[in-house]
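**Student:** The sequence shown lines up with residues -22 to -1, 1 to 97 when you count with mature numbering (1 follows the signal peptide of the UniProt record, and there is no 0).
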Amino acid sequence: MAVISRLLVLVGILSLFHAAYSAHEFSTLTTKLHKNAALPLDIKLETLFSVLLACVGLVLGSEPLKPVSWSAWAGQIEREGGGSNPFRGLEERVGFMDIRAQRKAFTEWAKQQGAGFKS
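1. For residue 68 and residue 47, what's the separation of their Cα atoms in angstroms?
2. Alpha carbon to alpha carbon, what distance is there between residue 66 and residue 162?
3. Please look up how many angstroms separate the CB atoms of residue 34 and residue -15, rounded, as I've assumed it's under 8 angstroms.
4. Do residue -22 and residue 36 have their CB atoms nearer than 8 angstroms?
5. Alpha carbon to alpha carbon, what distance is there between residue 44 and residue 56?
6. Reducing DSSP to helix, strand and coil, say where residue 47 ends up.
7. Please return the same chain residues whose Cβ sits closer than 6 angstroms to the Cβ of residue 84, not counting the five positions on each side in sequence.
8. Flag this pair as touching only if the segment 72 to 81 and the segment 15 to 27 have three or more C-beta atom pairs under 8 angstroms; answer yes or no.
9. Are residue -4 and residue 28 closer than 8 angstroms when you measure CB to CB?
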């Protein structure tokens, strides 16, 4: 199965390069002839088919997925501690800030500094 998947990926990538080259050539020719023509359907279909072929090859060549137990994973993160918790930023974030209190504190600080800020 690995040989087939690698072959599919290789054919898909080579076909994608060919589609890109064809699109470039078409663009160059239409620019030289001063025509505004849409990209031909065969180039569009070749691009889609090659991407699909490469994706199928990658999926077939990947290893089987392993089941993830959320409770075991979360317990492991809690035991390890440190910075490995991906949700630490959400759990320890600052709540809503009181803008009026900060404005008042800034005004008092500005008055102490002697700068004539108008509030």
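A virtual CB, placed ideally from N, CA and C, is assigned to each residue, including glycine.
**Tutor:** With the given structure in hand:
1. Straight through space, the alpha carbons of residue 47 and residue 68 are spaced by roughly 22 angstroms.
2. There is no way to answer for residue 162, as the model of the chain reaches only from -22 to 97.
3. The Cβ separation is near 6 angstroms, so the contact holds.
4. Their beta carbons are not under 8 angstroms apart, which means residue -22 does not touch residue 36 by this criterion.
5. 22 angstroms
6. coil
7. none
8. no
9. yes
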